[in-house]
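Participant: Heads up: the sequence shown runs through residues 14 to 683, numbered per this note's numbering. We treat Cβ as the ideally placed atom computed from N, Cα and C, and that holds for glycine. Sharing a structure here in structure tokens format.
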Amino acid sequence: MISYFLYQASAYLPEPLEHTALRANGWSGRVVAWFLFFCVMFQQNTKRDRSRPSHQGMAAFAVDEDRAELEVLNANLRKTNENSAKITAVLSGLDERLGRLEGTMKPIHRTTKRLWQVQSNVAATIAAIEKTKTYWNIPFEEESTIRAGPSTNLQRFLTSVRNLDQGMVTLQSADLSSSQRIVNKTHELLKSATEQLRDYWQAVLNSGSVPIAPLTYVLKGQAPPAFSSEQAEQMRDMAKVAAESRGLASVQTQQTQSFIEIRSDYIQRSLETFPLASQRSLELRTAALYDREFNGIGHYTEAILQMTRQDRELCLTVFGEQTGLDVYERTVAPAFSDYCRTCKGITAHVKVHLGPDCYLGFEALGHLKRLNATVVDIETPEIARDLHATVTSIATVSAGAFHEMAEDMKRKMGAVLALPIDGGVLDHTKELCSRLRKCCEYPEIVADLLSALGEGGWRRPVTGPVKLPHTETPAAGLLLDNFACECIDANLQILEAKARNLLKRPNQMAIFMLNNVAYVSSTIKRSEMHRYIGKRTLAKLDETHKRIFKVYREACDLPARQLMDTTTMLRPADNKSKGSSMTSKDREAVKERFRLFNAEFEELIRSSKSFTVQDADLKQQLTGEIRAVIVPLYVRFYDKYVAMDFAKNKDKYIKYDKSSIEKVIWDALA
Numbered sequence: 014m015i016s017y018f019l020y021q022a023s024a025y026l027p028e029p030l031e032h033t034a035l036r037a038n039g040w041s042g043r044v045v046a047w048f049l050f051f052c053v054m055f056q057q058n059t060k061r062d063r064s065r066p067s068h069q070g071m072a073a074f075a076v077d078e079d080r081a082e083l084e085v086l087n088a089n090l091r092k093t094n095e096n097s098a099k100i101t102a103v104l105s106g107l108d109e110r111l112g113r114l115e116g117t118m119k120p121i122h123r124t125t126k127r128l129w130q131v132q133s134n135v136a137a138t139i140a141a142i143e144k145t146k147t148y149w150n151i152p153f154e155e156e157s158t159i160r161a162g163p164s165t166n167l168q169r170f171l172t173s174v175r176n177l178d179q180g181m182v183t184l185q186s187a188d189l190s191s192s193q194r195i196v197n198k199t200h201e202l203l204k205s206a207t208e209q210l211r212d213y214w215q216a217v218l219n220s221g222s223v224p225i226a227p228l229t230y231v232l233k234g235q236a237p238p239a240f241s242s243e244q245a246e247q248m249r250d251m252a253k254v255a256a257e258s259r260g261l262a263s264v265q266t267q268q269t270q271s272f273i274e275i276r277s278d279y280i281q282r283s284l285e286t287f288p289l290a291s292q293r294s295l296e297l298r299t300a301a302l303y304d305r306e307f308n309g310i311g312h313y314t315e316a317i318l319q320m321t322r323q324d325r326e327l328c329l330t331v332f333g334e335q336t337g338l339d340v341y342e343r344t345v346a347p348a349f350s351d352y353c354r355t356c357k358g359i360t361a362h363v364k365v366h367l368g369p370d371c372y373l374g375f376e377a378l379g380h381l382k383r384l385n386a387t388v389v390d391i392e393t394p395e396i397a398r399d400l401h402a403t404v405t406s407i408a409t410v411s412a413g414a415f416h417e418m419a420e421d422m423k424r425k426m427g428a429v430l431a432l433p434i435d436g437g438v439l440d441h442t443k444e445l446c447s448r449l450r451k452c453c454e455y456p457e458i459v460a461d462l463l464s465a466l467g468e469g470g471w472r473r474p475v476t477g478p479v480k481l482p483h484t485e486t487p488a489a490g491l492l493l494d495n496f497a498c499e500c501i502d503a504n505l506q507i508l509e510a511k512a513r514n515l516l517k518r519p520n521q522m523a524i525f526m527l528n529n530v531a532y533v534s535s536t537i538k539r540s541e542m543h544r545y546i547g548k549r550t551l552a553k554l555d556e557t558h559k560r561i562f563k564v565y566r567e568a569c570d571l572p573a574r575q576l577m578d579t580t581t582m583l584r585p586a587d588n589k590s591k592g593s594s595m596t597s598k599d600r601e602a603v604k605e606r607f608r609l610f611n612a613e614f615e616e617l618i619r620s621s622k623s624f625t626v627q628d629a630d631l632k633q634q635l636t637g638e639i640r641a642v643i644v645p646l647y648v649r650f651y652d653k654y655v656a657m658d659f660a661k662n663k664d665k666y667i668k669y670d671k672s673s674i675e676k677v678i679w680d681a682l683a
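The structure is reproduced here in structure tokens:
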């Protein structure tokens, strides 16, 4: 209410009084408010009176009255100003007293705060002293356990070590002269515990690190022996105590170093026979094509893979992930270095003997790629880098085998000076099939290498490093078929040119080529090769077979041409006149045809008997072709002249009847 009156009255006051009225509060504010209220009401009534009409006398009276009222108001205003000044002076004095009071209280507050801090420090010091006193008895409580050693009760021993280490840290931080004897005692026990812990750690490590013969386990498909879960937990607990204890920092370093030395030596000594066996197998190699797993690199890969995988799990269990991975890399690095060195020796050997031993390169590359896939770059970067370099090196050498194989077979085919007289399969054809079949024993690696070379990349030598694709390419399965098709077709073309030049008889050339084509085709169809060498190669072989078979058919046509009879005879009146229906010229013509047929046919049969046809399907096809060409014509010719007297001794000319000629044909290629 006061605020309302002050606000209403301030509108009718001069500006200085207006601000004074608005600032007034408390008891003095009430007085000022009432006074201003009456002033406002009086002023409003005066304005209303002035608005009334008056006479001249009344006007003079009103002026005097207003003057009197104004004097009263001025007097009251002066009193109000005086009161306001007094109130302001009182308030200023109050502020000054409050400032002095605050200045007095602040030092007291700071002093009180310092006293509270001192009290807290004293309490903490007392607590620290009490805590320190609790460790004075620890050396005497734990001495018996330390003297007994970790072999009695490892967990109790490790607990004692923790207590001693914590007591040592506490006593040293307290730095009390009265605790020096206890500190010395604790230090002595910790030193003894450190030595015992180191010896026990090495004893546990050595118990599970006796070199083994990993080949035995690889051949049986069993995992090599490893630490028991109890032993792994013991080492984990010892490593954990060493890592967490300040006084055992040297123990942690010794544990890590001894683990790396013992386990690294264990792996290397266990695997040392594999590099020696690999080198020995290289020394025993001959010019024959390499046989799968002769070198033993596959067993070596499996052994190192199993042993290093076990040690990785052991390192992570004992040391944890962060420290364990570093310990693992340092532990297995020497073994992987030996493995890469062995692979480099294989690479050097394959490079010199690329023709017969490229399959060793394929085999080593396949195992190396499998091992490389298990090595994580982020875990073992140095090992991964060495393996990647080894993979690239052996892949580059092995990729050159395709061009070398194609060119080597062309050289061998071109150097042939004599062909089998029996029309049998050429040894070079068998070698070509053997080489391609061995390529199919390593389908994934061969597909990767051909993919790295690209379509037709085998037609030129490898000039730069070859990097295997990380993922399987869609066309990888077709590349081996394309390579085989080109290689087989090129060699068959060379072989056909040789056969046409060296084998004069068409049927002999045809039999020889058909035998070789059939051998290649049956080798593909009747082995695992058909899974990788398929549609294109077989279609090309079928095309070659049909083309050569036409040559053989033409050779069979030679006897058949003698049966193409054009003799015209008069129809006889009766059976008695059959012989007389032929003129002497016709009789001689028939005799000549039988004689020529017999000669050509016997030559065909004789040559056919001299040929070797191993493929049953081809043999049946050849026999069927002779029969289909000759038998129908011979039967017709035989039926036509067998009853005629074209000669006094017909058996001299008709050597085969209708049944015997078929038997002769079937026996020709039996």
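1. Could you tell me which of E675, L167, E201 sits nearest to F153, measuring between CA atoms?
2. Considering just the uninterrupted stretch of the alpha helix (DSSP H) at I643, what are its terminal residues?
3. With a Cβ-Cβ cutoff of 9 Å, do R518 and S620 count as a contact?
4. Report all residues from its chain with a CB closer than 7 Å to the CB of Y669; omit the five preceding and five following residues, and keep chain order.
5. Starting from A414, follow the alpha helix (DSSP H) in both directions and report where the run begins and ends.
6. Taking the alpha-carbon of A431 as reference, which of L682, V479, L516 has the nearest alpha-carbon?
7. Please check the pair A377 and I359, which I expect to be a contact at CB under 8 Å, by giving their CB distance rounded to whole angstroms.
8. So does the stretch 352-371 actually touch the stretch 302-321, counting three or more Cβ pairs closer than 8 Å?
9. So, under 8 Å CB-CB, G549 and N495 are touching, yes? Tell me the CB distance rounded to an integer number of Å.
10. Within its chain, find whatever has a CB closer than 6 Å to the CB of I524; leave out the 5 residues flanking it on each side and keep chain order.
11. When you compare the stretch 364-380 with the stretch 321-332, are there three or more beta-carbon pairs, one atom per stretch, that lie closer than 8 Å?
12. Determine the contact status of S220 and Q244, defining contact as a CB-CB distance below 9 Å.
13. How is the alpha helix (DSSP H) around Q292 delimited, first residue to last?
14. I need the straight-line Cα distance from E601 to D630, nearest angstrom please.
15. Mapping DSSP to helix, strand and coil, what is I546?
16. From this set, T117, L107, S277, M248, which residue's C-alpha is nearest L167's C-alpha?
17. For R383, report the span of its alpha helix (DSSP H) as first-last.
18. CB V223 to CB L203, shorter than 9 Å?
19. Does the contact criterion of 3 or more C-beta pairs under 8 Å hold for the stretch 415-422 versus the stretch 464-478?
20. Could you compute how far the alpha carbon of A72 sits from the alpha carbon of N96?
21. Leaving out the 5 sequence neighbours to the left and right, which residues in its chain are closer than 7 Å to V410 when beta-carbon positions are compared?
22. With a threshold of 7 Å on Cβ separation, who are the neighbours of S41 within its own chain once the five nearest residues in sequence on each side are excluded?
23. Would you give the residue range spanned by the alpha helix (DSSP H) that T229 belongs to?
24. Among L445, I561, C498, whose alpha-carbon lies nearest the alpha-carbon of E468?
25. Measuring alpha carbon to alpha carbon, tell me which of H441, L492, D440 ends up nearest S464.
26. With a cut-off of 8 Å, do at least 3 Cβ pairs link the stretch 656-674 to the stretch 596-610?
27. Against chain C, does L515 count as a neighbour if the rule is that its beta carbon must be under 9 Å from one of theirs?
28. Check for me: the alpha helix (DSSP H) holding N520 runs from which residue to which?
29. Do you know how far the Cα of N94 is from the Cα of R63?
30. Does the Cβ of A37 have 16 or more other Cβ atoms within 10 Å, making it buried, or fewer, making it exposed?
31. How is the alpha helix (DSSP H) around K604 delimited, first residue to last?
32. Could you give the residue range of the alpha helix (DSSP H) that holds L462?
33. Less than 9 Å between the C-beta atoms of A255 and Q270, yes or no?
34. Please report the residue range of the alpha helix (DSSP H) in which I151 lies.
35. Report the rounded CA-to-CA distance for S673 versus F614, giving the unit in angstroms.
36. Does the separation of the CB atoms of M118 and L171 fall below 9 Å?
Facilitator: Judging by the given coordinates:
1. E201
2. 629-654
3. yes
4. V677
5. 414-427
6. L516
7. 5 Å
8. yes
9. It is worth fixing the name first, because residue 549 is Arg in this sequence and not Gly. Yes, they are in contact, since the Cβ atoms of R549 and N495 sit about 6 Å apart, within 8 Å.
10. G436, F624
11. no
12. yes
13. 286-296
14. 41 Å
15. coil
16. M248
17. 367-387
18. no
19. yes
20. 36 Å
21. T360, V363, K364, G374
22. In this predicted model, S41 has a pLDDT of only 49, less than 50, meaning its place in the structure is not dependable enough to derive any value.
23. 227-233
24. C498
25. L492
26. yes
27. Note that chain C does not occur in the displayed structure, where there is just one protein chain.
28. 519-538
29. Annotation note: pLDDT 48 at R63 (below 50); position unreliable, no value reported.
30. For A37, the pLDDT reaches just 46, beneath the cut-off of 50, and the residue's location in the model is therefore unreliable, although a value from the coordinates is still provided. Burial call: buried.
31. 597-623
32. 456-466
33. no
34. 151-161
35. 13 Å
36. no
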